[in-house]
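Notes follow once the structure below has been shown.
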Amino acid sequence: MTRATAATRHWAAVEENSLLWGIQALVWVYRLFGRWVFRLFLRPVVSYYFLAGRLARESSREYLRHLSRFYPELGLGGGLWQSYLHFLSFGETLLDKIVVWTGNITPEQVDFPNRQLLLDLIEQKRGAMLLSGHIGNLEICQAIATMRGHIHLNILVHTKHAEKFNRLLGSRGSATIQLIQVTELSPAIAISLQEKIERGEFLVMVGDRVPVQGSRTVPASFLGEDAEFPQGPYLLASLLRCPVFTLFCFPVDGRFKIHLEPFSDSIRIPRAEPKRQDMLQSLARQYAERLETYCRIAPLQWFNFYPYWRKPAAGDSGQIAAEDK
497 MTRATAATRH WAAVEENSLL WGIQALVWVY RLFGRWVFRL FLRPVVSYYF
547 LAGRLARESS REYLRHLSRF YPELGLGGGL WQSYLHFLSF GETLLDKIVV
597 WTGNITPEQV DFPNRQLLLD LIEQKRGAML LSGHIGNLEI CQAIATMRGH
647 IHLNILVHTK HAEKFNRLLG SRGSATIQLI QVTELSPAIA ISLQEKIERG
697 EFLVMVGDRV PVQGSRTVPA SFLGEDAEFP QGPYLLASLL RCPVFTLFCF
747 PVDGRFKIHL EPFSDSIRIP RAEPKRQDML QSLARQYAER LETYCRIAPL
797 QWFNFYPYWR KPAAGDSGQI AAEDK
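Residues in the sequence shown are numbered consecutively from 497, following this note's numbering.
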């Protein structure tokens with residue numbers, strides 16, 4: 497079994513074995529009593545995951561150790577208390593999701609300094625790929641879409657977990673957001689996505705988690721050590737011939753900040769090796785560098801609670817609920 501395959505199987509298993517009843521209970525706590533009572537209930541739930549999830553806990557500490565060595569000025573060491581704060585930070589994103597999907601967020605709560613880049617594309621009727629990651633809260637895309645009604649976002653997800661989560665929140669969908677569950681990119685899906693791009697819509701993909709099926713990954717240095725990254729976003733962007741932007745959303749001082757930056761105006765992946773592999777590695781490293789920058793800004797906001805730099809050891813069973821977007 498390859499390292500990529502082992503890690504992929506693990507994070508997918510985490511999705512399927514998460515305690516959805518606990519999430520549902522917290523949703524009702526928020527709806528009945530508000531955010532402060534929600535936070536009182538959140539701590540014991542997070543504490544349970546922290547104590548029971550050995551593999552997730554060790555993966556959190558490994559990430560914090562990598563971050564500490566790469567950015568020593570942050571003063572992180574990967575200790576248990578810092579890891580627990582990392583878990584709490586993840587728990588807070590659940591509250592953010594509920595706030596967004598229940599419509600309790602306004603544009604005034606969102607800082608979006610590069611919003612004009614998106615508006616210019618809309619004026620030109622040009623679609624684009626928005627390459628995101630598991631840092632902060634991708635649900636803030638809902639706030640982007642509702643800023644102007646004709647921003648259409650198509651979020652590609654690897655598993656059905658995200659759809660289950662949205663149903664738990666009672667979401668009946670959005671006129672401007674569509675979740676598209678994909679495990680393999682079939683010709684039919686590719687044609688559908690091409691049509692969306694040609695209509696001026698946006699595709700949202702994550703670049704920091706390997707695919708559920710297949711082994712199309714590429715190694716790239718991330719926080720000082722090679723990790724596996726998916727080839728899919730770059731292959732799809734090359735197929736669709738659309739511009740690519742990175743998109744990261746996370747809370748800063750009680751407000752949501754959206755970071756939108758150009759990544760590539762046009763990606764063209766050559767067919768011939770080794771140029772093909774070289775370009776894929778270059779693009780993955782470019783993305784990893786962007787991800788490193790935001791991990792430095794918000795060190796406790798990157799949420800991949802599985803062995804990111806190595807395959808899981810036999811017998812590991814600790815898990816944490818995490819959305820796949």
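Glycine is no exception: its CB is placed at the ideal position from the N, C-alpha and C atoms.
Provide the residue(s) that pair with residue i in DSSP beta bridges, ordered along the chain.
i    : result
L627 : M701 and T742
S461 : What the structure shows of the chain is the stretch from 497 to 821, and residue 461 is not part of that stretch, so it cannot be assessed.
L652 : I676
P747 : F752
W798 : I631
V606 : F752
Just to confirm the assignment, what range does the alpha helix (DSSP H) spanning residue i have?
i    : result
A686 : P683 to E694
F586 : L576 to W597
Q777 : K771 to I793
L614 : R611 to E619
From what residue to what residue does the beta strand (DSSP E) around residue i run?
i    : result
P726 : E721 to P726
A552 : Run containing A552: none in the beta strand (DSSP E); it sits in the alpha helix (DSSP H), R550 to F566.
A716 : T713 to F718
If residue i sits next to residue j, beta carbons under 8 Å apart, how far is it from one beta carbon to the other, in whole angstroms?
i    : j    : result
F746 : G632 : 3 Å
R712 : P726 : 7 Å
G629 : G703 : 6 Å
L649 : V595 : L649 to V595, Cβ: 18 Å. No contact.
F752 : V523 : Rounded, the Cβ-Cβ distance is 20 Å, inconsistent with contact.
G574 : R550 : Not quite, the Cβ-Cβ distance comes to about 15 Å (not below 8 Å), so this is no contact.
Between the Cα of residue i and the Cα atoms of the options, which residue gives the shortest distance?
i    : options                   : result
L536 : L584, G573 and E558       : L584
N800 : V706, Q777, C738 and T713 : V706
L776 : Q677, G549 and E724       : E724
A716 : L614, P795, L590 and W805 : W805
Q674 : A684, P683 and S688       : S688
I618 : Y802, I676 and F698       : F698
A714 : A794, R772 and A686       : Just to set this straight, residue 714 is Val in the shown sequence, not Ala. Ranking A794, R772 and A686 by Cα distance to V714 puts R772 first.
L735 : P683, T602, Q677 and I636 : P683
G599 : F534, L652 and E635       : E635
Y802 : S555, D774 and Q520       : S555
A794 : L627, S760, I754 and L591 : I754
Query raised in the report: If we count Cβ pairs, one from each stretch, closer than 8 Å, do we get three or more for the stretch 542-555 versus the stretch 580-593?
Result: As far as the Cβ criterion goes, the stretch 542-555 touches the stretch 580-593, which means the pair count is three or higher.
Spell out a yes or no on whether the stretch 732-751 and the stretch 789-804 are touching, meaning 3 or more CB-CB pairs, one atom from each, closer than 8 Å.
-> Taking 8 Å as the limit for Cβ pairs, the verdict is that the stretch 789-804 does touch the stretch 732-751.
_Within 8 Å, do at least three Cβ pairs link the stretch 605-621 to the stretch 774-781?_
Because the criterion of three Cβ pairs below 8 Å is not met, the stretch 774-781 and the stretch 605-621 do not touch.
* Asked: Okay, do the stretch 723-738 and the stretch 761-774 touch, 3+ Cβ pairs below 8 Å being the bar?
  -> Cβ pair count under 8 Å is three or more, so yes.
The stretch 558-565 in contact with the stretch 719-728 per 3-pair CB rule at 8 Å: The stretch 558-565 makes contact with the stretch 719-728, as at least three CB pairs between them are under 8 Å.
Subject >> Contact between the stretch 610-629 and the stretch 687-701 (3+ Cβ pairs under 8 Å) >> reply: Between the stretch 610-629 and the stretch 687-701, the count of C-beta pairs closer than 8 Å reaches three or more; the two stretches touch.
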